[in-house]
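The opening residue of the sequence shown carries number 29 in our numbering; numbering runs sequentially from there. To start, the structure itself, in structure tokens.
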Amino acid sequence: MEKTWANKIDKVIIIFLPILIGIAGNIICNKCGKQLLIVDKEKGIDLLKTVLDIWGILLGFIFTATSILLTIGENQYVKLLKDTNHFPNILFSYVMAGTYLLVAITFGIVLLFVDIWGECIFNIFLCLNIIIIVSMAMCVKFLFNIILNMDRKR
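Structure follows, in structure tokens:
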């Protein structure tokens with residue numbers, strides 16, 4: 029399987045689209061919803077503890093989904109995905125989602141240990157959440173495409 033320019037462009041999109049949307053979403057939230065910012069330390073740390081649980085569950089989902097994709101049988105659709113070089117991009121999207129989640133979890137755990145919170149921290153937190161939502165949406169889209177096309181013939 030030869031890597032094409034389309035595969036490389038897809039990987040760049042998989043890496044940078046969530047980051048760009050995260051930054052844009054953070055800017056929009058700051059411009060339009062300044063009153064929604066959680067700058068109170070106690071509320072922020074409580075929110076962080078809750079979201080850390082969710083991030084951990086999502087990371088488990090990503091590990092499980094990636095493992096299933098790696099061991100999936102050789103049916104016609106999977107063979108078609110591999111023949112057209114889409115399968116490596118699907119796996120790459122799951123790896124990137126796991127990487128974003130791991131970065132977010134590490135950030136959250138460090139915040140719990142140093143016990144700080146403020147507007148800048150909230151902005152990073154919000155940006156990470158948007159990145160994770162976009163990245164997970166991409167993974168779910170790929171997963172649904174695989175599930176919905178499992179019985180499709182070439």
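All C-beta atoms, glycine included, are put in the ideal place defined by N, C-alpha and C. This structure is a prediction, so every number in the text was calculated from the model and none was measured.
Using only alpha-carbon positions, find the residue among the options that is nearest to residue i.
| i | options | result |
| --- | --- | --- |
| K39 | L98, F115, C148 and L75 | F115 |
| N117 | F172, L48 and C167 | C167 |
| K36 | L140, T134, V106 and S121 | S121 |
| I174 | T94, N54, I56 and I73 | T94 |
| A125 | L76, T78 and K169 | K169 |
| I42 | L139, F172, V123 and C148 | V123 |
| P46 | D81, V162 and K77 | V162 |
| W33 | Y128, T112, L154 and V131 | T112 |
| L171 | N157, N151, A132 and V106 | V106 |
| K59 | N151, M164 and I160 | N151 |
| L87 | L130, V138, L64 and A165 | L130 |
| E70 | I144, I133, I96 and A165 | I144 |
| I160 | V79, I66 and I137 | V79 |
| K62 | E147, L156 and L176 | E147 |
Does DSSP put residue i in a helix, a strand or coil?
| i | result |
| --- | --- |
| L65 | coil |
| W33 | helix |
| T92 | helix |
| G84 | helix |
| G53 | helix |
| T183 | The chain is shown only over 29 to 182; residue 183 falls outside these bounds and no answer can be derived. |
| N113 | coil |
| D143 | coil |
| E70 | helix |
| I152 | helix |
| I118 | helix |
| I100 | coil |
Buried or exposed: which applies to residue i, given that a residue is buried once 16 or more other Cβ atoms fall within 10 Å of its Cβ?
| i | result |
| --- | --- |
| A52 | exposed |
| R182 | Note that R182 has pLDDT 49, beneath the 50 cutoff, so the model's placement of it is unreliable and the number below is only indicative. By the 10 Å Cβ count, R182 comes out exposed. |
| F153 | buried |
| L76 | buried |
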